[in-house]
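Asks: Once you've had a glance at the structure underneath, I'll fire off some questions.
Numbering (the UniProt record's numbering), first residue to last: 1 to 220.
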């Protein structure tokens, strides 16, 4: 079993040239990091991307890292993020399933996970949803698509500053380390962390990792 992540940038035609360049640059940086662990992610059509993860339980954390990496971006060159509305976002589908047709190029690969991811992303184009999951187990789908709907509602209230803090938390940094990285106080980091709903997000991630590992890891 693998996870396939398929995503479209939201309203990318409305991005300024500067913002789009920043988004594509950040995506490439994130994909280079993922490549070091054996994952393969590619940008296509200029505003979409797809990737393969060999460990399905890591998929949601990877999605949130990519999401927050671009959520924190704006057109300004300021080193410290201001409390601005998010301008760059994505719609993303995680498909978990078999890898039936493996090729060197992800564009030529196929299988259950690819079909689940691609078809789910297509179905989301008419829905007010940004994050969805499709697996062979309907009970898993029902649980997490309800949870992910709540997550989308929470994330829609983020500012660029909130997304920035969540990004570093997802990377495993402590509050003091984030404060040093962003050149702000630890109390400011803590305030942004609470405002963004980190405790609930972390609980969702831990639940996802547990359930997906139980159902789909070790060749299941």
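All C-beta atoms in this analysis are idealised placements derived from N, C-alpha and C, irrespective of residue type, glycine included. Fair warning: this is a prediction, and the values are worked out from it, not measured in the lab.
Can you give the beta carbon distance from residue 66 to residue 30, rounded, assuming they're within the 8 Å contact cut?
Replies: Start at 1 with the first residue of the chain shown, and residue 66 comes out as number 66. Start at 1 with the first residue of the chain shown, and residue 30 comes out as number 30. Confirmed, about 5 Å.
Asks: Taking contact to mean at least 3 C-beta pairs separated by less than 8 Å, is the segment 159-167 in contact with the segment 117-130?
Replies: Contact fails: fewer than three Cβ-Cβ distances are below 8 Å.
Asks: Let's test the definition: count the other Cβ atoms within 10 Å of the Cβ of residue 42 and tell me whether it reaches 16, buried, or not, exposed.
Replies: Stepping through the chain shown from its first residue, residue 42 is reached at position 42. Its Cβ having fewer than 16 others within 10 Å, residue 42 is exposed.
Asks: So what's residue 220 in DSSP terms, helix, strand or just coil?
Replies: Working through the chain shown from its first residue, we reach residue 220 at position 220. Summary for residue 220: the model assigns pLDDT 48, below 50, so the residue's position carries little reliability, and this model does not support an answer.
Asks: Less than 8 Å separating the beta-carbons of residue 175 and residue 191?
Replies: Along the chain shown, one-based indexing puts residue 175 at 175. Along the chain shown, one-based indexing puts residue 191 at 191. Cβ distance not < 8 Å, so residue 175 and residue 191 don't count as in contact.
Asks: If you follow the beta strand (DSSP E) that residue 185 is part of, which residue opens it and which one closes it?
Replies: What you label residue 185 is simply residue 185 of the chain shown in a count that begins at 1. Taken as a continuous stretch (DSSP letters only), residue 185 belongs to no beta strand (DSSP E), as it is neither H nor E.
Asks: Indicate the three-state DSSP secondary structure (helix, strand or coil) for residue 6 in the structure shown.
Replies: Counting from 1 along the chain shown, the entry for residue 6 is found at position 6. It is a strand residue.
Asks: Ends of the beta strand (DSSP E) at residue 44?
Replies: Along the chain shown, read from residue 1 onward, the residue named residue 44 stands at position 44. 40-44 is the span of the beta strand (DSSP E), which, as asked, contains residue 44.
Asks: Roughly how many whole angstroms lie between the Cα atoms of residue 64 and residue 198?
Replies: Indexing the chain shown from 1 puts residue 64 at position 64. Indexing the chain shown from 1 puts residue 198 at position 198. If you take the alpha carbons of residue 64 and residue 198, they lie about 12 Å apart.
Asks: DSSP has residue 96 in a bridge; who is on the other side?
Replies: Here residue 96 is taken as the residue at index 96 of the chain shown, counted from 1. Paired residue(s): 3.
Asks: Is residue 200 buried or exposed, if buried means 16 or more other CB atoms sit within 10 Å of its CB?
Replies: By one-based count along the chain shown, residue 200 stands at place 200. With fewer than 16 Cβ atoms within 10 Å of its Cβ, residue 200 is classed as exposed.
Asks: Out of 1, 27, 196, state which residue places its alpha-carbon closest to the alpha-carbon of residue 9.
Replies: Stepping through the chain shown from its first residue, residue 9 is reached at position 9. Of the listed residues, the one whose Cα sits closest to residue 9 is 27.
Asks: Can you give me the C-alpha to C-alpha distance between residue 210 and residue 36, rounded to a whole angstrom?
Replies: Counting from one through the chain shown, the residue named residue 210 turns up at place 210. Counting from one through the chain shown, the residue named residue 36 turns up at place 36. Approximately 24 Å, taken between the alpha carbons.
Asks: Taking 8 Å as the limit between beta carbons, can you name the residues of its chain near residue 16, skipping five residues before and five after?
Replies: Within the chain shown, numbered from 1, the residue matching residue 16 stands at position 16. Hits under 8 Å: 75.
Asks: Please return the same chain residues whose Cβ sits closer than 7 Å to the Cβ of residue 2, not counting the five positions on each side in sequence.
Replies: Counted from its first residue, the chain shown places residue 2 at position 2. 52, 53, 54, 56, 99, 113.
Asks: Start and end of the alpha helix (DSSP H) containing residue 126?
Replies: Position 126 of the chain shown, counting from 1, holds the residue named residue 126. No alpha helix (DSSP H) contains residue 126, which DSSP labels as neither H nor E.
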